[in-house]
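Chains as they are written, first to last, in the working numbering: chain A, 113 to 222; chain B, 1040 to 1150.
For every residue, glycine included, the Cβ atom is placed at its ideal position computed from N, Cα and C.
Working notes for the structure below.
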Amino acid sequence: TQLLEQSPQFLSIQEGENLTVYCNSSSVFSSLQWYRQEPGEGPVLLVTVVTGGEVKKLKRLTFQFGDARKDSSLHITAAQPGDTGLYLCAGKQGTYKYIFGTGTRLKVLA
Amino acid sequence: NAGVTQTPKFQVLKTGQSMTLQCAQDMNHNSMYWYRQDPGMGLRLIYYSASEGTTDKGEVPNGYNVSRLNKREFSLRLESAAPSQTSVYFCASSDINQPQHFGDGTRLSIL
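Dropping the structure here:
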């Protein structure tokens, strides 16, 4: 059973455009992480959000955790070709287990 | 810094064959994980080991076994491979409340 749905599944945009990726669940998570994965490599952590309503910024990337800790969003401002990749959210359940989202594959065209 | 090392990187098996995927981490992490990644399904947890000497089932454990050999090493075994187990397998390690660090994956095809 997939508990974390990401949308959109695919996104192809021009350099300089803005975009938002959504991660939604009916379950509550103690924290939520966002990863980016390049072809042939494992996911690499971008950010962890812990508190409901929390907003974190990482240069042009803004991450928000929903007030009820069931959903999250990733907003990229002025996308660049280097942002191309697979973006994954992962919600933490219990002490050790993480549930990963279905993934959003982003392509930024120069 | 090696981080999490997985071997082999690629493997092709015939249905019914067995094999063991190896994972080692050099970050002195207590917890280790095995995931499989299939198109459109993100990563699904197969097994995890919260600490040396313990292992627990994840979302999709059927057809797999694991061994936490020591603090550094966590192996995944397919006793009788099936085509449905064709996937990319990732190992990860972490400490409590710390982010997971992933290896680069093993690409496994079962014919």
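- Below the 7 Å Cβ cutoff, chain B contributes 1081 as neighbours of residue 215 (chain A), in chain order.
- Residues of the stretch 190-208 of chain A with a Cβ closer than 7 Å to any Cβ of chain B, in chain order: 200, 207, 208.
- Taking all protein chains in view, the Cβ of residue 1064 (chain B) is crowded by 16 or more other Cβ atoms within 10 Å, so the residue is classified as buried.
- Identification of chain B residues near residue 151 (chain A) by a Cβ-Cβ cut-off of 7 Å yields none; the smallest Cβ-Cβ distance measures about 10 Å.
- Rounded to whole angstroms, the gap between the alpha carbons of residue 1137 (chain B) and residue 1043 (chain B) is 15 Å.
- Look at residue 157 (chain A): its C-beta is under 8 Å from a C-beta on chain B.
- Spanning the alpha carbons of residue 127 (chain A) and residue 190 (chain A) requires a straight line of approximately 7 Å.
- Look at residue 119 (chain A) here: in three-state DSSP terms it is strand.
- Residue 1139 (chain B) has a beta carbon lying within less than 8 Å of a beta carbon in chain A.
- Among the residues of chain A, those whose CB is under 9 Å from the CB of residue 1129 (chain B) are 154, 155, following chain order.
- Leaving aside the five residues that flank residue 1114 (chain B) on each side, the residues in its chain whose CB is nearer than 7 Å to its CB run, in chain order, 1059, 1060, 1061, 1062, 1105, 1106, 1108.
- Here residue 1041 (chain B) has 1065 as same chain residues with Cβ atoms under 6 Å from its own Cβ, once five neighbours each way along the sequence are excluded.
- Around the beta carbon of residue 182 (chain A), a 10 Å sphere encloses 16 or more other beta carbons of the protein chains shown; the residue is thus reported as buried.
- Counting along the chain, no beta strand (DSSP E) covers residue 1150 (chain B), and no H or E run does either.
- By the neighbour-count criterion, in which a residue is buried when 16 or more other Cβ atoms sit within 10 angstroms of its Cβ, residue 164 (chain A) is exposed.
- Annotation: the continuous beta strand (DSSP E) that includes residue 204 (chain A) extends over 197-205.
- Interface annotation, residue 212 (chain A): in contact with chain B, CB-CB separation under 8 Å.
- For residue 160 (chain A), the neighbours in chain B by C-beta distance under 8 Å run, in chain order, 1138.
- In this structure, the CA atom of residue 1134 (chain B) is about 6 Å from the CA atom of residue 1070 (chain B).
- Bounds of any beta strand (DSSP E) do not take in residue 1066 (chain B), whose DSSP letter is neither H nor E.
- Per DSSP, residue 176 (chain A) is one residue of the beta strand (DSSP E) stretching across 173-177.
- Cβ proximity to chain B below 7 Å picks out 145 from the stretch 133-145 of chain A.
- When 8 Å is used as the limit between beta carbons, residue 1087 (chain B) is near these residues of chain A: 208, 209, in chain order.
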